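Participant: The structure under discussion is supplied below as C-alpha cells; questions concerning it will follow.
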Amino acid sequence: MVDSSTAQMVPYHVSNKHTYEFLEELASLRIVNLNNVTLPLSRKEIFDILQEADGSRDKLNKRQQQDLDFYKQEFVKDGEQALGLDFIGKGLKSGDVFPLKNRKKRYDLFHYKDSLFNITVNSRFGGEGWWNTDDLYYERIVGATVFGNVGRNFSFYADLTDTQQSKQLSREDYLIQTPGGNYKGGKEYSEMRGGVAGSTKWGYLALVKDHLVWGNSYNGSNIVDGQRPPSFPMIKLRINPVKWFSFDYVHAWLVSDVLDSAATYNSGYGSREVMRSKFYAANMFTVRPVRGLHVSFGNSIVYADKFQPVYLIPFLFYKSADHTLNSTGANHNMRGQNSQMFLNIVSRQIPYVQLYTSLFVDEIRLSTIFKPKESRNHLSWKAGFRFTSPGSINASLIFEYTRTNPFAYRHFVNTTTYASNSYSMGHYLGDNAEEYHIAVIYKPISRFDVFASYTLSRKGESYPYTIGSDGAGAPFIDSEVFRRHQINVRVTYHVAHDIRVGLNYHYVKEYGAGAYTRLPSFLATEPHRASLSLFVGI
Numbered sequence: 451m452v453d454s455s456t457a458q459m460v461p462y463h464v465s466n467k468h469t470y471e472f473l474e475e476l477a478s479l480r481i482v483n484l485n486n487v488t489l490p491l492s493r494k495e496i497f498d499i500l501q502e503a504d505g506s507r508d509k510l511n512k513r514q515q516q517d518l519d520f521y522k523q524e525f526v527k528d529g530e531q532a533l534g535l536d537f538i539g540k541g542l543k544s545g546d547v548f549p550l551k552n553r554k555k556r557y558d559l560f561h562y563k564d565s566l567f568n569i570t571v572n573s574r575f576g577g578e579g580w581w582n583t584d585d586l587y588y589e590r591i592v593g594a595t596v597f598g599n600v601g602r603n604f605s606f607y608a609d610l611t612d613t614q615q616s617k618q619l620s621r622e623d624y625l626i627q628t629p630g631g632n633y634k635g636g637k638e639y640s641e642m643r644g645g646v647a648g649s650t651k652w653g654y655l656a657l658v659k660d661h662l663v664w665g666n667s668y669n670g671s672n673i674v675d676g677q678r679p680p681s682f683p684m685i686k687l688r689i690n691p692v693k694w695f696s697f698d699y700v701h702a703w704l705v706s707d708v709l710d711s712a713a714t715y716n717s718g719y720g721s722r723e724v725m726r727s728k729f730y731a732a733n734m735f736t737v738r739p740v741r742g743l744h745v746s747f748g749n750s751i752v753y754a755d756k757f758q759p760v761y762l763i764p765f766l767f768y769k770s771a772d773h774t775l776n777s778t779g780a781n782h783n784m785r786g787q788n789s790q791m792f793l794n795i796v797s798r799q800i801p802y803v804q805l806y807t808s809l810f811v812d813e814i815r816l817s818t819i820f821k822p823k824e825s826r827n828h829l830s831w832k833a834g835f836r837f838t839s840p841g842s843i844n845a846s847l848i849f850e851y852t853r854t855n856p857f858a859y860r861h862f863v864n865t866t867t868y869a870s871n872s873y874s875m876g877h878y879l880g881d882n883a884e885e886y887h888i889a890v891i892y893k894p895i896s897r898f899d900v901f902a903s904y905t906l907s908r909k910g911e912s913y914p915y916t917i918g919s920d921g922a923g924a925p926f927i928d929s930e931v932f933r934r935h936q937i938n939v940r941v942t943y944h945v946a947h948d949i950r951v952g953l954n955y956h957y958v959k960e961y962g963a964g965a966y967t968r969l970p971s972f973l974a975t976e977p978h979r980a981s982l983s984l985f986v987g988i
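Under the numbering used here, residues 451 to 988 are what the sequence shown spells out, in order.
Here it is in C-alpha cells:
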C-alpha cells in the first residue's frame with residue numbers, strides 16, 4: 451500500500467457506502483491493501499488507496515478503470531497539487547463547465563486550494579418515497595458541508611443535515627438499520643457533525659462529533675455499529691507508525707437518557723431536567739503479519755456519573771482499571787462499570803476472496819464456557835466471506851452469519867448500557883438473535899450497480915437481567931419471538947458526484963408472537979413496497 455500520510459484528517463462519512471464498496475472490491479482483487487476495521491477513513495487515506503490502485507490500473511477491467519477515475523475526481527483535492535479556485539459556473543462563458551468526463555476534479559459549489567490553505571463547500575438535497583398498495587411515505591433531506599486544511603497539520607470540517615419524514619422511520623426499539631435521530635415532533639430531526647484535528651505523517655489527534663463503525667461487516671457490525679445512534683462527541687487518536695501496525699482510540703461522551711433527579715431543579719418556569727453523564731472509551735490494535743491479513747483486538751468500557759481521567763490513557767485494559775477505581779467484587783457489582791473486549795480478523799490472502807470474522811465479548815466465564823447450563827457467554831460472533839469475480843464479470847457474492855447470545859450489549863445498570871440516546875451501539879438485532887445474510891452485487895457499467903440480498907433473522911425473548919441474575923445458562927432462542935424474511939433489490943446510478951438516482955424493491959415478512967412489533971408501522975401493513983430516490987449534492 452502507498453505510504454498513507456494522514457497529515458490531513460477529514461473523515462469520509464460511513465454513509466458513503468458506494469465509495470467504501472469500491473475500496474472493498476479493489477482489496478478483494480488484491481489491488482490494494484485495505485485496513486477498514488475502523489471507520490470512517492479519512493479523505494486523505496482514501497486518496498492514497500486510489501493512488502495505489504492507479505499504479506496497478508493495468509490489472510483492472512474497463513469498468514473498474516472508469517470507476518477509479520470517477521472516484522479520483524472526488525479525492526484529487528486531497529492530494530498535494532494546488533488546484534486554485536473552482537466553483538459552479540466557472541468557465542460557463544467559454545463552455546468548459548460540462549461535461550464531467552474531461553474534468554480532473556468533480557464539481558463543487560466552491561473550492562479553493564493553494565500551498566497553505568484549502569476549503570470545499572457543498573450543499574445537498576434529496577429524498578426517497580416509498581409506496582405499497584396501502585400508503586405512500588417519504589423522506590426529505592437538506593444539508594451542507596464544509597471541510598478543509600490549514601497547512602499540512604490542521605484539518606477542520608462541519609456537516610449539517612436536516613431530515614423530515616412523513617412518518618417516523620426510526621426508533622430506539624426498532625430492530626432495523628435505519629439511522630436514528632432525536633426527533634422533533636416525531637417526524638423531523640437534524641444531525642450536526644464536525645471536528646478539528648492535528649496530525650502528522652504517522653497519526654492524528656482529533657476532537658469530533660461523528661459516527662463510528664468498528665468491525666468488518668456487510669449487514670451491520672457487531673463490535674461498534676455507531677450508525678444507528680445520533681452522532682456523539684469524541685476524542686479520536688490514530689497512530690500508524692509502520693505499515694504492519696496501527697492503533698485506534700476513542701473517548702466519547704454518550705447520551706444516557708437517564709434523569710438525574712438530584713441535579714434536576716426548578717428553573718422558575720418549570721423543572722429543568724438534567725441527565726446522568728455517560729462516557730465511552732475504546733481502543734483497537736491492528737497487526738498485519740503478512741500482506742492481506744489484518745488481526746485486530748481491543749477493549750472498551752462504558753462508564754457513568756463522573757469523568758475519569760484514567761480512561762484518557764489510550765492503551766489500558768479498562769476492566770482492570772475499573773476494578774481499581776470501584777473495588778468491584780461479589781458484593782459490589784453495582785459500583786462497577788460495563789466493559790467489553792473484541793477481536794476482528796480479515797484475510798484477503800486468497801485471490802478474489804475475503805474471509806472475515808469478529809467477536810464481541812460482553813461477559814464470559816471461562817470455567818463453564820463449554821457447559822450450556824452453567825455458561826455465562828454474553829458474546830456476539832460474526833463470520834462471512836466475499837467472492838469478487840475476476841475478469842469482466844463485475845459481480846461479487848457475499849455471505850454473512852451473525853449470532854448474538856442472550857444478555858450481550860445489555861447491563862443491569864441503566865446508565866452503563868451499550869447505547870447512546872437509547873440506541874444500541876451493537877448489532878441492530880440486539881441480544882438472543884441470529885441472522886443469515888446473502889447478497890449479490892453486479893456492476894455492468896461504470897457508476898451503475900445492482901444489489902440484491904436475502905436476509906433471514908431470528909429473535910428470541912429478552913430474559914430478565916437484574917443484579918443477582920447473571921444470565922448463567924440462559925438458552926439461545928429457546929422461544930422464538932419473530933422470524934423475519936427480507937428481500938431487497940436496489941438499482942443505483944451515479945449521474946455525477948453526489949448526484950444519484952435509485953430504484954428499490956423491499957419485501958419483509960415476519961412470523962411469530964412478536965411479529966411486526968419491532969418495525970415501523972408502514973413495514974407491517976403490506977410485505978411488498980417500492981421506492982424511488984434522488985439525491986443531489988453541489
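Just so you know, even glycine gets a beta-carbon here, dropped at the ideal spot from N, CA and C. Quick caveat: nothing in here was measured; it's all calculated off a predicted structure.
Three-state secondary structure (DSSP) at Pro461?
Facilitator: In this structure, Pro461 counts as strand in the three-state DSSP scheme.
Participant: Indicate whether at least one CB of chain B lies closer than 8 Å to the CB of Ala924.
Facilitator: The structure shown has no chain B; it contains just one protein chain.
Participant: Here's the rule I'm using: 16 or more other beta-carbon atoms within 10 Å means buried, otherwise exposed. How should Asp698 be labelled?
Facilitator: Flag for Asp698 reads buried.
Participant: When we look at the beta-carbon of Met684 and count the other beta-carbons within 10 Å, is it buried (16 or more) or exposed?
Facilitator: Met684 is buried by the Cβ-count criterion.
Participant: Indicate the three-state DSSP secondary structure (helix, strand or coil) for Ala712 in the structure shown.
Facilitator: Ala712 falls in the coil class under three-state DSSP.
Participant: Go ahead and pull the three-state DSSP assignment for Phe862.
Facilitator: Phe862: coil per DSSP, three-state reduction.
Participant: Give, in chain order, every unbroken run of the alpha helix (DSSP H) that is at least 4 residues long and sits entirely within the region 852-897.
Facilitator: For the region 852-897, not a single whole alpha helix (DSSP H) run of length 4 or above is found.
Participant: Going by the CB atoms, is the gap between Ala656 and Val646 shorter than 8 Å?
Facilitator: Their beta carbons are under 8 Å apart, which means Val646 touches Ala656 by this criterion.
Participant: Using only the alpha-carbon positions, how far apart do Ser711 and Val724 sit?
Facilitator: If I take the Cα positions, the gap works out to 7 Å.
Participant: By how many angstroms is the C-alpha of Thr774 removed from the C-alpha of Ile391?
Facilitator: A query on residue 391 cannot be resolved here, the shown segment of the chain reaching from 451 to 988 and no further.
Participant: In angstroms, rounded to a whole number, what distance separates the CA positions of Tyr886 and Asp528?
Facilitator: So the alpha carbons of these two residues sit roughly 39 Å apart.
Participant: Rounding to the nearest angstrom, what Cα-Cα distance links Glu850 and Asn672 in this structure?
Facilitator: Going from the Cα of Glu850 to the Cα of Asn672 covers about 12 Å.
Participant: Shortest alpha-carbon distance to His661 belongs to which of Ser465, Val941 and Gly653?
Facilitator: It is Ser465 whose Cα lies nearest to the Cα of His661.
Participant: Here's a check: name, in chain order, each residue in its chain whose Cβ is nearer than 7 Å to the Cβ of Val452, leaving out the five neighbours to either side.
Facilitator: Unreliable positioning characterises Val452 in this predicted model, as indicated by a pLDDT of 40, which lies under 50. A coordinate reading is not provided.
Participant: Just list the residues that DSSP pairs Asp675 with in beta bridges.
Facilitator: DSSP lists Val663 as partners of Asp675.
Participant: Ignoring anything shorter than 4 residues, give me the alpha helix (DSSP H) runs that lie fully in the region 947-983, in order along the chain.
Facilitator: Taking only runs of at least 4 residues, the alpha helix (DSSP H) segments lying wholly in the region 947-983 are 971-974.
Participant: In whole angstroms, what is the alpha-carbon distance linking Met642 and Thr611?
Facilitator: Roughly 7 Å separates the two Cα atoms.
Participant: Assign Leu619 to buried or exposed, taking buried as 16 or more other Cβ atoms, counted over all protein chains shown, within 10 Å of its Cβ.
Facilitator: Buried, because 16 or more other Cβ atoms sit within 10 Å of the Cβ of Leu619.
Participant: What residue from Val931, Phe985 and Leu953 has the CA that sits closest to Asn938's CA?
Facilitator: The shortest C-alpha separation from Asn938 is found at Leu953.
Participant: How many angstroms separate the CA atom of Ala754 from the CA atom of Gly786?
Facilitator: So the alpha carbons of these two residues sit roughly 10 Å apart.
Participant: Taking Leu847 and Val890 to be in contact with their CB atoms under 8 Å, please state how far apart those CB atoms are, rounded to whole angstroms.
Facilitator: About 6 Å; that satisfies the 8 Å criterion.
Participant: Along the chain, where does the beta strand (DSSP E) containing Arg726 start, and where does it finish?
Facilitator: It spans Met725 to Val737 - the beta strand (DSSP E) in which Arg726 sits, taken as one unbroken run.
Participant: Starting from Thr583, trace the alpha helix (DSSP H) both ways and give me its first and last residue.
Facilitator: Unbroken run through Thr583: none, as it is neither H nor E.
Participant: Let's see if you can read the secondary structure: which residues bound the alpha helix (DSSP H) around Ile496?
Facilitator: Counting along the chain, the alpha helix (DSSP H) containing Ile496 begins and ends at Arg493 to Asp504.
Participant: Which whole-angstrom value describes the C-beta separation of Phe932 and Lys959, a residue pair presumed to lie in contact below a C-beta threshold of 8 Å?
Facilitator: At roughly 10 Å, the Cβ-Cβ gap does not stay under 8 Å, so Phe932 and Lys959 are not in contact.
Participant: Return helix, strand or coil for Leu990, following the three-state DSSP convention.
Facilitator: Past the edges of the chain, shown from 451 to 988, lies residue 990, and the structure says nothing about it.
Participant: DSSP puts Trp703 in a beta bridge; with which residues?
Facilitator: Trp703 pairs with Phe729.
Participant: Candidates Pro914, Asp536 and Ser929: which alpha carbon is nearest Arg553's?
Facilitator: When only C-alpha atoms are compared, the closest one is Asp536.
Participant: Quick one: complete alpha helix (DSSP H) runs, 4+ long, within the region 735-780?
Facilitator: Whole alpha helix (DSSP H) segments, 4+ residues: 768-776.
Participant: Where DSSP assigns a beta bridge to Ala594, which residues make up the other side?
Facilitator: According to DSSP, Ala594 bridges with Ser573 and Leu610.
Participant: Where do the N-terminal and C-terminal ends of the alpha helix (DSSP H) with Ala477 fall, by residue?
Facilitator: It spans Lys467 to Ser478 - the alpha helix (DSSP H) in which Ala477 sits, taken as one unbroken run.
Participant: Can you name, in chain order, every residue of its own chain whose Cβ lies under 8 Å from the Cβ of Ser454, other than the five neighbours on each side?
Facilitator: Its pLDDT being 43, under 50, Ser454 is placed unreliably in this model, and the coordinates cannot settle the point.
Participant: Return the residue from the list Arg678, Gly534 and Asn603 that minimises the CA-CA distance to Thr628.
Facilitator: For the residues Arg678, Gly534 and Asn603, the minimum Cα distance to Thr628 belongs to Arg678.
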